[in-house]
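J.: Chains as they are written, first to last, in our numbering: chain A, 1 to 189; chain B, 1001 to 1233. Quick reminder that beta carbons are idealized off the backbone N, C-alpha and C, glycines included. Let me give you the structure first, and then I'll get to my questions.
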């Protein structure tokens, strides 16, 4: 995200704090897809992810006046999304208390053996990315897709910066293991 | 040299290895990016790992992009909820700030330049006036701040004539030095403006008759740097 867009996001938040509905529409238009995808990767249910983004942006509407601009607006949005997603998962777990809730967290994709039959390394890579734990998926997405810095990821997840670095390292190592199990050697580790 | 990478990943990864994903995503600061670039140039094993990371990076983007987008239902739900929220009272301070910035934003660059120039002139005139007052002859003897009843009676001079003022619009091509000369010539100072392009001037000589003041305004009106001059209370 460019510095210009970040500044413009800050302006939108200031206008939203004044009750400017149009500014809310612009901010929503700019960020809702990424927020949705981040939420979907966490909750793994499109309906829930859609409900989630409504809740996230409603929170923005209500809390805009308290936004201090210490982080980028996009980082703030992802932090709210993560908090809401984890709350939703906890609620579901409490309500269902069975394997279905665990299934929402565990991957439902093909196992590595099926993946290898596809012969397409890129496809296998995507499938193995889907097999990572929620914790590892989250950090991979934040760094590679949402382009968040070490500091920003630390702020979103609420962990020290060194833990951010090592967590991504071990997420990548796990990914390499999954790919190896699927018959794909990439030369690392 | 294999300093930066570890052959055995069971060992603790090096700091450079840990930073590789952020380097691939372009989110490292310049100093760390340079450190990683240097290490990549030196260490082929690290460079291999970096190539793997770039694949992961591309794969993650493809995976996320394949997730699609939310339906319009999410937006409808959001704005229905927003409409149901209680009306918000804009904060006064921000409202004023917004109005002030809006006012300046609405001015053309030419008007802004003019206003700034005239504000500077007004400041200089005022500074000169204050300086004159301060440098006036005054008794060199020590004086307390106590009230002296020997001087003037404490009454307001009701006979003093009201200050003579005019609203003036300067010619669009008038230069700041022309305006300054004009203010000197007419012993006038800018005391307000620019409202609708008009500046409020006050004349130092407040004892002019009505005819004299009308005559002054007429001369002012004929000045090259002035496009309009009218009397104002």
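With DSSP run on the structure shown, which of helix, strand or coil describes residue 75 (chain A)?
T.: Helix at residue 75 (chain A).
J.: Quick one: give me the first and last residue of the alpha helix (DSSP H) that residue 1080 (chain B) is part of.
T.: Segment 1072-1083, the alpha helix (DSSP H) holding residue 1080 (chain B).
J.: Mind checking residue 1132 (chain B): buried by the 16 CB within 10 Å criterion, or exposed?
T.: Looking at its Cβ environment, which holds fewer than 16 other Cβ atoms inside 10 Å, residue 1132 (chain B) is exposed.
J.: Below 7 angstroms between beta carbons is the criterion; list the residues of the region 64-77 of chain A that meet it against any residue of chain B, in chain order.
T.: Within the region 64-77 of chain A, no residue has a Cβ that lies closer than 7 angstroms to any Cβ of chain B.
J.: Quick check on residue 1187 (chain B): does DSSP put it in helix, strand or coil?
T.: Three-state result, residue 1187 (chain B): coil.
J.: Which term fits residue 1049 (chain B), buried or exposed, when burial requires 16 or more other beta carbons within 10 angstroms of its beta carbon?
T.: Label assigned to residue 1049 (chain B): buried.
J.: With a threshold of 6 angstroms on Cβ separation, who are the neighbours of residue 1024 (chain B) within its own chain once the five nearest residues in sequence on each side are excluded?
T.: Cβ within range, chain order: 1053, 1054, 1057.
J.: With distances taken between CB atoms, is the gap from residue 39 (chain A) to residue 75 (chain A) smaller than 8 angstroms?
T.: No, Cβ-Cβ distance for residue 39 (chain A) and residue 75 (chain A) is not below 8 angstroms.
J.: From the DSSP output, which residues share a beta bridge with residue 150 (chain A)?
T.: BP columns for residue 150 (chain A) are empty, so no partner.
J.: Under 8 angstroms between the Cβ atoms of residue 1113 (chain B) and residue 50 (chain A)?
T.: Cβ distance not < 8 angstroms, so residue 1113 (chain B) and residue 50 (chain A) don't count as in contact.
J.: Buried or exposed: residue 70 (chain A), going by 16 or more other Cβ atoms within 10 Å of its Cβ?
T.: Exposed.
J.: In whole angstroms, give me the CA-to-CA distance for residue 187 (chain A) and residue 181 (chain A).
T.: Rounded to whole angstroms, residue 187 (chain A) to residue 181 (chain A) spans 14 angstroms at the Cα level.
J.: Can residue 159 (chain A) and residue 142 (chain A) be called in contact, C-beta distance under 8 angstroms?
T.: Not a contact, by the Cβ cut-off of 8 angstroms.
J.: Flag residue 1049 (chain B) as yes if its beta-carbon sits less than 8 angstroms from any beta-carbon of chain A, otherwise no.
T.: Yes, contact with chain A.
J.: Where do the N-terminal and C-terminal ends of the alpha helix (DSSP H) with residue 63 (chain A) fall, by residue?
T.: Run containing residue 63 (chain A): 46-63, per the alpha helix (DSSP H) assignment.
J.: Need the endpoints of the beta strand (DSSP E) that residue 1058 (chain B) sits in, please.
T.: Residue 1058 (chain B) -> not in any beta strand (DSSP E); alpha helix (DSSP H) instead, spanning 1044-1065.
J.: Pull up the CB-CB distance for residue 88 (chain A) and residue 1018 (chain B), whole angstroms please, since I reckon it's below 8 angstroms.
T.: 31 angstroms between Cβ atoms; not a contact.
J.: Near residue 12 (chain A), which residues of its chain fall below 7 angstroms by C-beta distance, leaving aside the five closest residues on each side in sequence?
T.: Result list for residue 12 (chain A): 23, 26, 27, in chain order.
J.: Let's see if you can read the secondary structure: which residues bound the beta strand (DSSP E) around residue 1228 (chain B)?
T.: Its beta strand (DSSP E) spans residues 1226-1232.
J.: Closer than 8 angstroms, CB to CB, is residue 188 (chain A) near chain B or not?
T.: Chain B contact via Cβ: present.
J.: Kindly indicate which three-state DSSP category residue 1192 (chain B) falls into: helix, strand or coil?
T.: Of the three classes helix, strand and coil, the one that applies to residue 1192 (chain B) here is strand, per DSSP.
J.: Would you verify that the beta carbon of residue 37 (chain A) is, or is not, closer than 8 angstroms to some beta carbon of chain B?
T.: Answer yes: the Cβ-Cβ gap between residue 37 (chain A) and chain B drops below 8 angstroms somewhere.
J.: To the nearest angstrom, how far is the alpha carbon of residue 1206 (chain B) from that of residue 1200 (chain B)?
T.: The alpha-carbon atoms of residue 1206 (chain B) and residue 1200 (chain B) are separated by roughly 15 angstroms.
J.: Taking the alpha carbon of residue 1166 (chain B) as the point to measure from, which residue in B:1216, B:1127, B:1117 has its own alpha carbon closest?
T.: Ranking B:1216, B:1127, B:1117 by Cα distance to residue 1166 (chain B) puts B:1216 first.
J.: Check whether the Cβ atoms of residue 147 (chain A) and residue 161 (chain A) sit closer than 8 angstroms, and answer yes or no.
T.: Not in contact: residue 147 (chain A) and residue 161 (chain A) (Cβ atoms no closer than 8 angstroms).
J.: Assign residue 1166 (chain B) to one of three DSSP states: helix, strand, or coil.
T.: Reduced to three states, the DSSP call for residue 1166 (chain B) is strand.
J.: Quick one: grab the DSSP three-state call for residue 37 (chain A).
T.: Reduced to three states, the DSSP call for residue 37 (chain A) is helix.
J.: If we ignore side chains and look at the alpha-carbon of each, how far apart do residue 1191 (chain B) and residue 1226 (chain B) end up?
T.: Residue 1191 (chain B) and residue 1226 (chain B): Cα-Cα distance of roughly 17 angstroms.
J.: With 8 angstroms as the threshold, decide whether the Cβ of residue 178 (chain A) is near any Cβ in chain B.
T.: Cβ-Cβ to chain B under 8 angstroms: no for residue 178 (chain A).
J.: Give the DSSP-derived three-state secondary structure of residue 1198 (chain B) in the structure shown.
T.: Looking at residue 1198 (chain B) - three-state DSSP - the assignment turns out to be strand.
J.: Once DSSP output is grouped into helix, strand and coil, what is the label at residue 1203 (chain B)?
T.: In this structure, residue 1203 (chain B) counts as strand in the three-state DSSP scheme.
J.: Could you name the residues of the region 1054-1069 of chain B whose beta carbon sits closer than 9 angstroms to any beta carbon of chain A, in the order they occur along the chain?
T.: Residues passing the 9 angstroms Cβ filter: 1055, 1056, 1057, 1058, 1059, 1060, 1061, 1062, 1063, 1064, 1065, 1066, 1067, 1068, 1069.
J.: For residue 159 (chain A), name the three-state secondary structure that DSSP assigns.
T.: In this structure, residue 159 (chain A) counts as coil in the three-state DSSP scheme.
J.: Which residues, in order along the region 129-147 of chain A, keep a beta-carbon less than 8 angstroms from a beta-carbon of chain B?
T.: Cβ contacts with chain B come from 129, 130, 140, 141, 143, 144, 145, 147.
J.: Taking C-beta to C-beta, are residue 1036 (chain B) and residue 1061 (chain B) nearer than 8 angstroms?
T.: Not closer than 8 angstroms, so no.
J.: Suppose the cutoff is 8 angstroms on Cβ atoms and the five residues either side in sequence are ignored; what does the same chain contact list for residue 1126 (chain B) look like?
T.: Once the five neighbours on either side are set aside, the close Cβ partners of residue 1126 (chain B) are 1189.
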